[in-house]
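To start, the structure itself, in structure tokens.
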Amino acid sequence: MKLHLSPIVQIKALVSLVLILFSVTTFASIDENPEEEGYVEVYSPNALVEKEIAQDTLASYKARRETHGIYFGVDYEDYVPVSFVSINDGKTYQELFNGASLPIVSVMMDYKFNFELGSLALGASYGMGSIEDSFSGENRKLEITKYMATIKYSMDNLMNEPYVVPYFGMSAYQMSLNDSSPTGSISETVPMGYAYTLGLLVQLDWLDYDNAKQATFDFGLENTFLDVFMTQYLASGGDEDANMESDPIWGAGLRLEF
Numbered sequence: 001m002k003l004h005l006s007p008i009v010q011i012k013a014l015v016s017l018v019l020i021l022f023s024v025t026t027f028a029s030i031d032e033n034p035e036e037e038g039y040v041e042v043y044s045p046n047a048l049v050e051k052e053i054a055q056d057t058l059a060s061y062k063a064r065r066e067t068h069g070i071y072f073g074v075d076y077e078d079y080v081p082v083s084f085v086s087i088n089d090g091k092t093y094q095e096l097f098n099g100a101s102l103p104i105v106s107v108m109m110d111y112k113f114n115f116e117l118g119s120l121a122l123g124a125s126y127g128m129g130s131i132e133d134s135f136s137g138e139n140r141k142l143e144i145t146k147y148m149a150t151i152k153y154s155m156d157n158l159m160n161e162p163y164v165v166p167y168f169g170m171s172a173y174q175m176s177l178n179d180s181s182p183t184g185s186i187s188e189t190v191p192m193g194y195a196y197t198l199g200l201l202v203q204l205d206w207l208d209y210d211n212a213k214q215a216t217f218d219f220g221l222e223n224t225f226l227d228v229f230m231t232q233y234l235a236s237g238g239d240e241d242a243n244m245e246s247d248p249i250w251g252a253g254l255r256l257e258f
């Protein structure tokens, strides 16, 4: 017995068959492996994103600090080379500049090793300064460039937060100078000398606690310090070299710990 279908029914059946085949082909082509290219993950507004960080930035400094760190700093000091004698004319610093201080601005960087009793920092600094005066009866100018290598011991692990950090440093320094007078200019590099420093770091993070913690999270900035210190430069050079020693002098600066 033959089944006769009308043309309309036959067309509907054909369309249905095509749609079924298309659907089967589409689902079969979906990549079930989410790690292969072409996989699309549907975003869910309720999904949680977990970010792993190296340290707990909300913990105290004593709890979160690591073994190694870095210091960056800028400082200013009023330097007075009390034993300086000009090669130009044999005049002393007092006779040339009436004992006025020669301001030196320096930049420094230290590698820092942390341990239970505090930290040791080994680094270098570079500074420049000059003074110009007519106290001697003629216009005189002394320009100084200072290079220094320093090792420091800091007691920064006494409290949970290093609000106040005493430190002690020993340095080797060398200075290049330019001594100018109306009749000429003499440049000299003085042999290496030594210096010692006593200082106090005062933490500034408490002034803006929230931003300080955000800086730790974003940039790894552990502490911002006001650096107040006293340095004495010991005698350098010989009979034919300028002596750049000083009495104890005060200085201050800003130090960042990463």
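Position 207, counted from 1, in the sequence shown is what this note's numbering calls 207; the numbers after and before it change by one each time, with no gaps.
Beta carbons are placed, not taken as given, at the ideal position from N, Cα and C, and that holds for glycine.
Quantities reported herein were computed from a predicted structural model and do not represent experimental measurements.
Beta-carbon spacing of residue i, residue j below 7 Å
{"i": "residue 114", "j": "residue 64", "result": "no"}
{"i": "residue 93", "j": "residue 81", "result": "yes"}
{"i": "residue 195", "j": "residue 171", "result": "yes"}
{"i": "residue 226", "j": "residue 204", "result": "yes"}
{"i": "residue 88", "j": "residue 249", "result": "no"}
{"i": "residue 181", "j": "residue 140", "result": "yes"}
Secondary structure of residue i, DSSP reduced to three states
{"i": "residue 36", "result": "Residue placement at residue 36 is flagged as unreliable, the pLDDT there being 46, under the threshold of 50; a coordinate-derived value is accordingly withheld."}
{"i": "residue 273", "result": "The chain is shown only over 1 to 258; residue 273 falls outside these bounds and no answer can be derived."}
{"i": "residue 256", "result": "strand"}
{"i": "residue 78", "result": "strand"}
{"i": "residue 28", "result": "Since pLDDT at residue 28 reaches only 46, below the 50 mark, its modelled position is unreliable, and no value is offered."}
{"i": "residue 95", "result": "helix"}
{"i": "residue 211", "result": "helix"}
{"i": "residue 53", "result": "A caution first: residue 53 carries a pLDDT of 49, below 50, which makes its placement in the model unreliable, though a value can still be read off. Residue state, collapsed to three classes: coil."}
{"i": "residue 194", "result": "strand"}
{"i": "residue 217", "result": "helix"}
{"i": "residue 59", "result": "coil"}
{"i": "residue 89", "result": "coil"}
{"i": "residue 236", "result": "coil"}
{"i": "residue 205", "result": "helix"}
According to DSSP, residues forming a beta bridge with residue i
{"i": "residue 265", "result": "Because residue 265 is not part of the residues shown, which for the chain are 1 to 258, the question remains open."}
{"i": "residue 189", "result": "176"}
{"i": "residue 71", "result": "110 and 257"}
{"i": "residue 225", "result": "203 and 255"}
Inset, instruction - Report the residue ranges of all beta strand (DSSP E) runs contained in full by the stretch 107-148; include only those spanning at least 3 residues, in chain order. - result: 118-133
Inset, instruction - Tell me, please, whether the stretch 213-228 touches the stretch 142-149 by the rule of three or more beta-carbon pairs shorter than 8 Å. - result: no
Inset, instruction - Would you be able to state if there are at least three C-beta pairs under 8 Å between the stretch 84-101 and the stretch 150-162? - result: no
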